[in-house]
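Structure first, commentary second.
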Amino acid sequence: MVRHLTDTKDFSKEEIEELFEKAKEFLDEKSRDLLKSKLVINIFFENSTRTRSSFEVAAKRLGAEVVSLDVATSSSTKGETLYDTAANLDMMGPDAIVVRHKNAGVPKILSKYVKSSIVNGGDGAYAHPTQALLDLFTLKQAFGNVSGKTVAIVGDIKNSRVANSNIELLPRFGIKLILVAPPHFLPNYPEIETSNSLEEIVDRVDGIMSLRTQTERHKEAIYGSLSDYSVNYKVTKKLIGDRDIKILHPGPVHRNIDIADDVLDDERSLVLDQVKNGVAVRMAVLDKLING
Ligand code: CP
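First residue of the sequence shown: 875, per my numbering; consecutive thereafter.
Listed below in structure tokens is the structure:
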């Protein structure tokens, strides 16, 4: 049976633990031939730096051939539907298609029509499963046992697929979440603690996952400028003091809006570790989906 990864619920806790054991081996950055003669196609209908290149590096490091469709010059600009684009690419015999789209649900829909494994590289504000997996992997790397740890997710949570996937995944591993945002950025999760103030919760957290303000998903401008938002939600040295709080961010970071420069440079920042871990986790995901 062809397996897909459209959201974090597609993998059980046990499967994720197994995936992480594999990912640990892949941190050595050595080339392997686990996906020799396999083909991975990337179709990113939204911009990406990390996810697209991370999947490309991951597939190549496992020996796969990779084709990354340049959507801007593809026939989708001539009116071809998303379904036809995917169906045509599927007939070229890929083993996996990694897709990013601005509309929630696109990877799930495509998974019903293609023969290859669909991997969600981010769909609208719904899900970004490999990001949440690499976030959890990074937290486990930092803490060992994550059960009982408290992580604050801070920022434009309502519009964030990263937050949505982490909200599904992290509590499954015993992590308590606090959602911190101005009221208009808070989603409705009655079972999760919320706060409008970073200062109010800073003494109770082991980690802070800062998020970018997703202005491209706002119907109208909410703040006059991002600086207005940053007054209350920027992670600064003054805020965290000498507390042992790990700082995460999925990227792209709005420097000095989401996180201050000196916090990004601080040894408590795991932001670049997340990127390195992302390749290893995506190698493990591709290996699992394609090889079983
Ligand atoms: N974290 C993340 O999804 O980054 P990109 O948008 O650059 O892929």
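Where a beta carbon is used, it is the ideal one built from N, C-alpha and C, also for glycine. Nothing here was measured: the structure is a model prediction, and the numbers come from that model.
Coil, strand or helix - I1082 by DSSP
Here DSSP, grouped into helix, strand and coil, assigns I1082 to strand.
Confirm, please, whether the CB-CB distance from K1108 to D1132 is below 8 Å.
yes
S911 by DSSP, collapsed to three states: which one?
coil
At which residue ranges does the region 985-1050 contain complete beta strand (DSSP E) runs of 3 or more residues, listed in the order of the chain?
991-997 and 1024-1028
Out of D1080, G967, L1051 and P1057, point me to the one whose CA is closest to I1066's CA.
L1051
So the candidates are R1142, T882 and L1144; which of them puts its Cα closest to the Cα of Y1000?
T882
Any heavy atom of the ligand CP closer than 7 Å to the CB of Q1088?
No; taking the cut-off as 7 Å, the Cβ of Q1088 has no heavy atom of the ligand CP nearer than that.
If you check the beta carbons only, do G1054 and A1037 fall under 8 Å apart?
The amino acid at residue 1054 is misidentified as Gly; the sequence shows Val. Not in contact: V1054 and A1037 (Cβ atoms no closer than 8 Å).
Short Cβ contact (8 Å threshold) for K986 with D964:
no
So D1030 packs on L1113, CB below 8 Å; how close in whole Å?
That belief does not hold up - the Cβ atoms of D1030 and L1113 are roughly 18 Å apart, past 8 Å.
Are the beta-carbon atoms of I915 and I971 separated by less than 8 Å?
yes
Give the DSSP bridge partners of K1120, in chain order.
G1081
Tell me the DSSP secondary structure of H1058 in three-state form.
Of the three classes helix, strand and coil, the one that applies to H1058 here is helix, per DSSP.
Would N921 be called buried (16 or more neighbouring beta carbons within 10 Å of its own) or exposed?
Label assigned to N921: exposed.
Which residues have a Cβ closer than 7 Å to any heavy atom of the ligand CP, listed in chain order?
This criterion selects N921, S922, T923, R924, T925, R926, G996, H1002, Q1005, V1036, P1124, G1125 and P1126.
Secondary structure at T882, three-state DSSP: helix, strand or coil?
helix
So is the beta-carbon of G998 under 7 Å away from any non-hydrogen atom of the ligand ATP?
The ligand ATP is absent from the structure shown, which contains only the ligand CP.
So what's N962 in DSSP terms, helix, strand or just coil?
Residue state, collapsed to three classes: helix.
Going by beta-carbon coordinates alone, are K896 and A1158 separated by less than 8 Å?
yes
How would you label G996, buried or exposed, when you count the other beta carbons within 10 angstroms and need 16 or more for buried?
With a threshold of 16 other beta carbon atoms within 10 Å, G996 meets it and is buried.
Helix, strand or coil at I1114 [DSSP, three-state]:
Helix, per DSSP.
How long is the line joining the alpha carbons of L1144 and E954, rounded to whole angstroms?
41 Å
Any contact between the region 1119-1136 and the region 899-915? By contact I mean 3 or more CB pairs, one from each, below 8 Å.
no
CB of V941 within 8 Å of CB of K934, strictly
no
Roughly how far, in whole angstroms, is the beta-carbon of T1024 from the beta-carbon of R1091, given that I think they are within contact range, below 8 Å?
Not quite, the Cβ-Cβ distance comes to about 27 Å (not below 8 Å), so this is no contact.
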